[in-house]
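Student: When we follow the UniProt record's numbering, the leftmost residue of the sequence shown carries the number 1, and every step to the right adds one.
Sharing a structure here in structure tokens format.
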Amino acid sequence: MEQIQKYMVRLAQNFNESFSEEKAEFWDCLVISAADEKQKDCFQQQLDEQLKKGELPRATKYLVIADCPGSTLGSGGSTFHILKQLKELFGNDLFHMKIWISHAGGSSKRLPNLSCTGKLFCPLPLEIEGKAITILNLKIILTSPFLKLMTNGGIFICASDDIETYCLDGLENVVEKSNQLTEDGIVAIAHPSSIAIGNTHGVYVLPETSEMDENCWLTSCLEVLQKPNYSTMKMRKALVNWGNGEERAYTDSMFWCGPGLVKKMVTFAQENSDLYSTETCIYGDFLACMGSRPAEEKLYLKSTSDSPTIKRKIASQFGETPLNVMVLEKSNFYHLGTMPEYLENLNPTSELFRTLAMKPIAQSFCRKPSGIRGIVTTSCLEADVESMIGSVMDSCMVNVPVVCERQTIVSHCVIDDPLINVIPSCWMFHTAAVKQENSVLYVTIAFRIDDDLKGRVEQSHGWNGLGTMSQSFSATWRMVSNRENNKEVIQTGTLQRFSMEDIVQHKYIPAMMQHRENVLRKISSHV
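Here it is in structure tokens:
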């Protein structure tokens, strides 16, 4: 881990120095996908704000591209749709450009504190030049070394809810080979992972090789398995011995496509309108059909005989695409897509926290810093606040003494009710702004950390919409407190109530961004 940590710190320093001097190689265009026009507008407002503040490199184009109205494309259909839009925008210049794409569309149901603003804009307890950065900032930094592997252009694809850390010492040894391999194919990054991680991700089946002693090496790929169980990994020879009897699998994350393949993908998008009628996955339907094993031997192709036509078309058109894997032996993959994962990784005791040199108090003012054992990011705590290990607080103003118990998320909240003294363990609170005709209301949502948010969760018929953030938090806190103490939850019939779907539909991002600015001004007044 020490080598990874040193490399990450050095990478961040070099990135900032090169961009402050405006001499770094960079992406020609960064693209963020959005589920619809409303989400596109939400992302665009936050992008514009970061650019205005100089928090993102300006020497490039930033685009947010929404999926087609009424379509649920998935990351696969979304990628093809984005390429089709980029071809219309850039013409044939597209095939010489280096394009960065992050799939950020969707409702983030399992991380509701980010359902309105999006996971890419999640604040992190990581400061650069005194400012806490977002996942977007971090991913731009972490993906910058791979630009040298895309000399001829292409598209680089990454997710919005994960973080990869690595040591790339020795990368220069594979630059030339990577550029040769990528022209008409794909180079995908692989991480050595536990069997448990392999169960929930794509797993690359690699030929036997003697290069495993190298830190960073390239190889062909035989097959891609999607969320395989242990017996499937064993049978398909996807496991490697890691020493001491431990077995590992090489799992997926980011990948890039060469310009020749991009041309082929654009043509496919232009000729197949049924891409917009069936949800497809860029990993589970596009990458999964590739590999050098004969088609009749691939598990994915055996399983697609009854699949929708478009999935069979993708497999037929792209199944023979050259797929090579860059194995990063000293690397780790962290997923932040659920509340338990978010709390596990944004924690002073976590490996990710130590590797990236995160801070328990990031760009915040705390009246009583000694009381902070969890994480506090971009918050102003003007009263004595105690936070337990395993708690996360971001973008909050707290004016009364409060104890945040373990496994709590308090996001975007104002707390100034003297009756509030404890944030109960295993709860998430988040205040969103919604617009109703000409008025703005605030709604504080609350879920248990272990709630099944993709299933049906009781929401007590929604949450109250109130005139201030403080009133909203107090109302929801009382509801949760009564539930925790087995008291009757009394609903106020005269107040308008909002479901989670209502909140996402009617979110008012300008008010939420204004709250962030108010918090930052408060913090600055104490400096």
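Note that CB positions come from ideal geometry on N, CA and C, so glycine has one too.
#1: Give me the residue from Phe15, Asp252, Trp463 with the minimum Cα distance to Gln226.
#2: Quick check on the DSSP output: what are the complete alpha helix (DSSP H) runs of length 4 or more inside the stretch 163-214, in order along the chain?
#3: The alpha helix (DSSP H) that contains His81, what's its start and end?
#4: I'd like to know whether the C-beta atoms of Ser178 and Met326 end up nearer to each other than 8 Å.
#5: What is the DSSP secondary structure of Phe26, reduced to helix, strand or coil?
#6: Please go through the same chain and pick out, in chain order, the residues whose beta-carbon is closer than 7 Å to the beta-carbon of Gly185, but skip the five residues on each side of it.
#7: State whether the stretch 466-473 contacts the stretch 436-456, with contact taken as three or more CB pairs (one from each stretch) at a distance under 8 Å.
#8: Mind checking which residues open and close the alpha helix (DSSP H) that includes Leu299?
#9: At the level of alpha carbons, what is the spacing between Gly198 and Glu49?
#10: Would the beta-carbon of Val440 fall within 8 Å of that of Ile423?
#11: Going by the beta-carbon positions, is the gap between Tyr62 and Leu94 smaller than 8 Å?
#12: In this structure, does DSSP put Gln436 in helix, strand or coil?
#13: Give the secondary structure of Cys158 by DSSP, where H, G and I count as helix, E and B as strand, and everything else as coil.
#14: If Val385 sits next to Cys413, beta carbons under 8 Å apart, how far is it from one beta carbon to the other, in whole angstroms?
#15: If you measure from the CB of Ser193, is any heavy atom of the ligand SAH nearer than 7 Å?
#16: What's the C-alpha gap between Lys522 and Glu344?
#17: Could you check the C-alpha separation between Ile101 and Asp67 for me, to the nearest Å?
#18: Beta-carbon within less than 6 Å of Thr79's beta-carbon, same chain only, minus the 5 sequence neighbours each way: which residues are those?
#19: Over the uninterrupted alpha helix (DSSP H) stretch that includes Leu138, give me the two end residues.
#20: Applying the criterion that 16 or more other CB atoms from any shown protein chain within 10 Å of the CB defines a buried residue, is Pro294 buried or exposed?
#21: So, does the stretch 28-47 touch the stretch 236-246, judging by three or more C-beta pairs under 8 Å?
#22: Helix, strand or coil, according to DSSP, for Arg346 in the structure here?
#23: So, using beta-carbon positions, are Lys368 and Pro125 closer together than 8 Å?
#24: At what residues does the alpha helix (DSSP H) containing Arg516 begin and finish?
Tutor: According to the structure data:
#1: Asp252
#2: Within the stretch 163-214, the complete alpha helix (DSSP H) runs of at least 4 residues are 175-182, 195-199.
#3: Run containing His81: 74-90, per the alpha helix (DSSP H) assignment.
#4: Yes, the Cβ-Cβ distance between Ser178 and Met326 is below 8 Å.
#5: coil
#6: Gly258, Leu261, Thr321, Pro322, Leu323, Asn324, listed in sequence order.
#7: yes
#8: 299-303
#9: 38 Å
#10: The Cβ atoms of Val440 and Ile423 lie no closer than 8 Å to each other.
#11: no
#12: strand
#13: strand
#14: No, Val385 and Cys413 are not in contact; Cβ-Cβ is about 12 Å, not under 8 Å.
#15: The model on display carries no ligand, and the ligand SAH is accordingly not part of it.
#16: 29 Å
#17: 14 Å
#18: Ile282
#19: 135-143
#20: Taking all protein chains in view, the Cβ of Pro294 is surrounded by fewer than 16 other Cβ atoms within 10 Å, so the residue is classified as exposed.
#21: Fewer than three Cβ pairs drawn from the stretch 28-47 and the stretch 236-246 lie within less than 8 Å of each other, which leaves the two stretches out of contact.
#22: The amino acid occupying residue 346 in the given sequence is Leu; Arg does not appear at that position. Residue state, collapsed to three classes: coil.
#23: no
#24: 509-525
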